[in-house]
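Asker: Shown below is the structure under consideration.
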Amino acid sequence: MKRALIFILLLFGFAFSINLKAESEEINYSSVNDWLVLKYYKQDQDFNKIYYRAQIKEYLKTLETDKMTEYHRLIFASLACNLDPRNISIDNQEYDLLKIGVFDTKQENLLEKQGLNSLIFSLLALDSMRFPNDEIEDYYTREDIIHEILKKELKAGGFAYIGTVPDPDITSMTLLALSKYQNDLTEYRVYSKRENRIINVRVKDVINTALDTLGSLQGEDGDFSSFGSYNCESTSQVLLALSSLGVDPLLDTRFIKNGNTVLDGLNKYKLEEGKYKRGDNYSEIATRQAEEALLSYNKYLNSQRTYYDLLPEFSETERAKIINLKSKIDAINSTTNLEALYQEYLSIPYRDRFYIYNYNKLEEKLVENGIVLNEEKEYPEVVIKALVIDNYNSAAIEQDLNEIMISKYNKYLYYKELYDILKKDDSLIIDAISLIKDEEIKVARLNKQIKDFLDKTEEDEEEALLIKESYESLKYGGKDYITEDYNEVLKVIGEEKKDLSFYIYLSLIIAFIGLTTTLVFVIIKRRRAKRL
């Protein structure tokens, strides 16, 4: 009997707490979590792409910034949601994020103004789907961006946000951006701080020097520091870079210290349940970056596309061809037909040749034997796969449109994006969004009016009545968004707004007690009946 009673109390208490939590912790779709969306995409995990597409558009409408990385993040998020960043339509206006955030930034030096970070992510965004250059004069090309990055190499090798001391984070991020060009034959003319003269360099030269420098910065535990502090995030960035370059962190001696690898260094910051810490405490950012790095490493182990490569995953045939070619290069000997092996390498599309991580060994043999290196770069037109909608709840949409509420604003954005994809008439949804925006303006004005009223030294009963009249005229749940200070206004006219939440909770508790009591009596009655 006692156990049954405890079970009932726990059951209903749990259900009660869950209901309250559901009301108070509604999912917030008011901001675009770009990196989370990218991680979902690379994990091949289901997520609500329509919601995120709607939020991308909502954010983009109001985005006015010289911070180009904002556009780069939106490019990644858009692609993860099957939204073409070159052609985003919002309220009959077209947005080309590649043009805004990459190509058309040269004349005002918008990439350089933000520093190396912006150059890195512009190149990553451009190469995410191998978008071809926009050949308009005075537009940036990928070669321009690479050149600007190479010019920022430090005397000691590697890169830094500021100053002349190599930083593991920014060096790793730069390696990520340059990784797709480690086999590229293009030479760039730059001033070498190390040699104190102008020289011709290839991307692979800068990569190799940066890797040596990065290895020298590794701590005895296998982890890395930034700004004087060893941490999870820097270690994650290094693992992400190594995975993207095809450098095995378990075998490359440059990244093993005192028997500890980068993976050991990352594991140093691991908490329970797969979480990671910054300092002594759990960190959401540290956890996210560690997950990204480990996902990238897993893709390296399985010969899959790198983390920032958003092209469709290799087919089994494509993957087998790459693995087979790398094996042949590893097995090169005096009897190897180098010409045939080089032609096999060239048969791989240019956009994917950087996955032949050991190409340098083949190139050395080709040069030794006087075989001419010939590389044609091809960037085919990119087609973004359309988002397919299998089913949707038209009845729920109709009901929400019949009961317009400010709290449903993000739902309406979702419905609008859904109807855009389906090419359905969205006029009723647009009307609902417009009504809500108008009501939000009224709410904002009234909240300001209340603040101004309470800031005055003298109480004006007539103005208080006008404020009350405005409050009563609010629709679509607008009253729920009025400041609690409204109650102070009512006191001026001898009234006070009742807080109904207490009575709601009280009634729920009473109902809960009543239901529990009834069930207890039912159990007691059944037990007595059994005894009889």
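Heads up: the sequence shown begins at 58 in the numbering used here, then just goes up one per residue. Just so you know, even glycine gets a beta-carbon here, dropped at the ideal spot from N, CA and C.
(1) For S146, write down the residues that DSSP places opposite it in a beta bridge.
(2) Using C-beta distances below 7 Å, list every residue in its chain close to K434, excluding the 5 sequence neighbours before and after it, in chain order.
(3) Can you tell me whether DSSP reads T286 as helix, strand or coil?
(4) Could you give the DSSP three-state label for K78: helix, strand or coil?
(5) Helix, strand or coil for K434, going by three-state DSSP, please let me know.
(6) Cβ of S360 within 8 Å of Cβ of L302?
(7) Is P369 buried or exposed, if buried means 16 or more other CB atoms sit within 10 Å of its CB?
(8) Anyone know if the C-beta pair for Y399 and R410 falls short of 8 Å?
(9) Would you kindly work out how many angstroms separate the C-alpha atoms of I539 and V500, rounded to a whole number?
(10) Are there three or more Cβ pairs, one per stretch, closer than 8 Å when the stretch 382-389 is compared with the stretch 324-340?
(11) Which runs of the alpha helix (DSSP H) fall wholly inside the stretch 102-136 and span at least 4 residues, in chain order?
(12) Contact defined as beta carbons within less than 8 Å: I believe G272 pairs with F216. What is the distance between those atoms, to the nearest angstrom?
(13) Sort Y533, I524 and K532 by Cα distance to L547 and report the nearest one.
(14) How big is the Cα-Cα spacing for Q239 and T266?
(15) Tell me whether D517 is buried or exposed, calling it buried when 16 or more other Cβ atoms sit within 10 Å of its Cβ.
(16) Tell me the residue span of the alpha helix (DSSP H) that contains I227.
(17) Let me confirm a value: Y543 is counted as buried when at least 16 other C-beta atoms fall within 10 Å, else exposed. Which label applies?
(18) Measure the CB-CB distance between G551 and E496 and report whether it falls below 8 Å.
(19) Grab me the residues of I63's own chain with a C-beta within less than 7 Å of its C-beta, minus the 5 sequence neighbours each way, in chain order.
(20) Are K170 and D103 close, meaning C-beta to C-beta below 8 Å?
(21) Tell me whether the beta-carbon of D278 lies closer than 8 Å to the beta-carbon of N317.
(22) From the DSSP secondary-structure annotation, give me the bridge partner or partners of I313.
(23) At which residues does the beta strand (DSSP E) containing I256 begin and terminate?
(24) Does DSSP put K250 in a helix, in a strand, or in coil?
(25) Quick test of your reading: S185 and M125, contact by CB under 8 Å. State the CB separation rounded to the nearest angstrom.
(26) Y287 to T221, Cα distance in whole Å?
(27) If you drop the 5 nearest sequence neighbours on each side, which residues of the same chain put their C-beta closer than 6 Å to that of V94?
(28) DSSP on K480, reduced to helix/strand/coil?
(29) Can you tell which of K325, L173 and L180 has the C-alpha that lies nearest to the C-alpha of V159?
(30) Compute the Euclidean distance between the alpha carbons of Q275 and E348, then round it to the nearest angstrom.
(31) CB-CB under 7 Å to G571, same chain, minus the five flanking residues each way: which ones, in chain order?
(32) Find the nearest neighbour of K508 within the set T119, E541 and T374, judged by alpha-carbon distance.
(33) Determine the extent of the alpha helix (DSSP H) in which F411 is found, giving its start and end residues.
(34) Where DSSP assigns a beta bridge to L333, which residues make up the other side?
(35) Applying the criterion that 16 or more other CB atoms from any shown protein chain within 10 Å of the CB defines a buried residue, is I203 buried or exposed?
Answerer: Based on what the coordinates show:
(1) Stepping through the sequence shown from its first residue, residue 146 is reached at position 89. DSSP output for S146 lists E151 as bridge partner(s).
(2) Within the sequence shown, the letter at position 377 stands for residue 434. Excluding positions up to five away in sequence, the list reads Y407.
(3) Numbered from 1 along the sequence shown, position 229 holds the residue referred to as residue 286. The question names Thr, but residue 286 is Ser in the sequence shown. DSSP places S286 in strand when its eight states are reduced to three.
(4) The residue given as residue 78 occupies position 21 in the sequence shown. Here the model assigns K78 a pLDDT of 30, short of 50, so the residue's position is not dependable, and the following value carries that caveat. Of the three classes helix, strand and coil, the one that applies to K78 here is helix, per DSSP.
(5) On the sequence shown, residue 434 is found 377 positions in, with the first residue counted as 1. If DSSP states are grouped into helix, strand and coil, K434 belongs with coil.
(6) As a position in the sequence shown, residue 360 is number 303, starting the count at 1. As a position in the sequence shown, residue 302 is number 245, starting the count at 1. No, the pair does not count as a contact, with Cβ atoms beyond the cut-off.
(7) Along the sequence shown, read from residue 1 onward, the residue named residue 369 stands at position 312. Exposed: under 16 other Cβ atoms inside 10 Å.
(8) Within the sequence shown, numbered from 1, the residue matching residue 399 stands at position 342. Within the sequence shown, numbered from 1, the residue matching residue 410 stands at position 353. For Y399 and R410, no; Cβs fall outside 8 Å.
(9) In the sequence shown, counting from the first residue as 1, residue 539 sits at position 482. In the sequence shown, counting from the first residue as 1, residue 500 sits at position 443. The straight-line gap from Cα to Cα measures roughly 7 Å.
(10) no
(11) 106-118
(12) Start at 1 with the first residue of the sequence shown, and residue 272 comes out as number 215. Start at 1 with the first residue of the sequence shown, and residue 216 comes out as number 159. In fact, because the Cβ distance is near 15 Å, the residues do not count as touching under 8 Å.
(13) Position 490 of the sequence shown, counting from 1, holds the residue named residue 547. Residue I524 is the option with its Cα nearest to L547.
(14) Here residue 239 is taken as the residue at index 182 of the sequence shown, counted from 1. Here residue 266 is taken as the residue at index 209 of the sequence shown, counted from 1. So the two alpha carbons sit approximately 12 Å from each other.
(15) Locating residue 517 in the sequence shown gives position 460, counting from the first residue. Per the 10 Å Cβ criterion, exposed.
(16) Reading the sequence shown from its first residue, position 170 is the one you call residue 227. Looking at the DSSP string, the run of the alpha helix (DSSP H) that includes I227 is P225 to L235.
(17) On the sequence shown, residue 543 is found 486 positions in, with the first residue counted as 1. Flag for Y543 reads buried.
(18) As a position in the sequence shown, residue 551 is number 494, starting the count at 1. As a position in the sequence shown, residue 496 is number 439, starting the count at 1. Against a cut-off of 8 Å, the Cβ pair of E496 and G551 comes out as no contact.
(19) Reading the sequence shown from its first residue, position 6 is the one you call residue 63. Confidence is the limiting factor: at I63 the pLDDT is only 36, short of 50, which leaves the residue's position unreliable and the question unanswerable from this model.
(20) Counting from 1 along the sequence shown, the entry for residue 170 is found at position 113. Counting from 1 along the sequence shown, the entry for residue 103 is found at position 46. No, the Cβ-Cβ distance between K170 and D103 is not below 8 Å.
(21) Translated into the one-based positions of the sequence shown, residue 278 becomes position 221. Translated into the one-based positions of the sequence shown, residue 317 becomes position 260. Yes.
(22) What you label residue 313 is simply residue 256 of the sequence shown in a count that begins at 1. Answer is T318, bridged to I313.
(23) Indexing the sequence shown from 1 puts residue 256 at position 199. Start and end: R254 to V258.
(24) Start at 1 with the first residue of the sequence shown, and residue 250 comes out as number 193. Three-state result, K250: coil.
(25) Residue numbering aside, residue 185 sits at position 128 when the sequence shown is read from its first letter. Residue numbering aside, residue 125 sits at position 68 when the sequence shown is read from its first letter. Not quite, the Cβ-Cβ distance comes to about 15 Å (not below 8 Å), so this is no contact.
(26) Against the sequence shown, residue 287 aligns to sequence position 230. Against the sequence shown, residue 221 aligns to sequence position 164. The alpha-carbon atoms of Y287 and T221 are separated by roughly 19 Å.
(27) Numbered from 1 along the sequence shown, position 37 holds the residue referred to as residue 94. The residues are Y109, A134 and A137.
(28) On the sequence shown, residue 480 is found 423 positions in, with the first residue counted as 1. Of the three classes helix, strand and coil, the one that applies to K480 here is coil, per DSSP.
(29) Position 102 of the sequence shown, counting from 1, holds the residue named residue 159. Cα-wise, what sits closest to V159 is L180.
(30) The residue labelled residue 275 in the question sits at position 218 within the sequence shown. The residue labelled residue 348 in the question sits at position 291 within the sequence shown. Taking the straight line from one Cα to the other gives about 20 Å.
(31) Here residue 571 is taken as the residue at index 514 of the sequence shown, counted from 1. Counting only Cβ-Cβ distances below 7 Å, and skipping sequence neighbours, we find nothing.
(32) Residue numbering aside, residue 508 sits at position 451 when the sequence shown is read from its first letter. Nearest C-alpha to K508 among T119, E541 and T374: E541.
(33) If you number the sequence shown from 1, residue 411 lands on position 354. From DSSP, F411 is part of no alpha helix (DSSP H); its letter is neither H nor E.
(34) In the sequence shown, the residue the question calls residue 333 occupies position 276. As written in the sequence, residue 333 is Tyr, which differs from the Leu given in the question. DSSP, once it has assigned bridges, lists K327 as partnering Y333.
(35) Locating residue 203 in the sequence shown gives position 146, where the first residue counts as 1. Classification of I203: buried, given that the 10 Å Cβ count is 16 or more.
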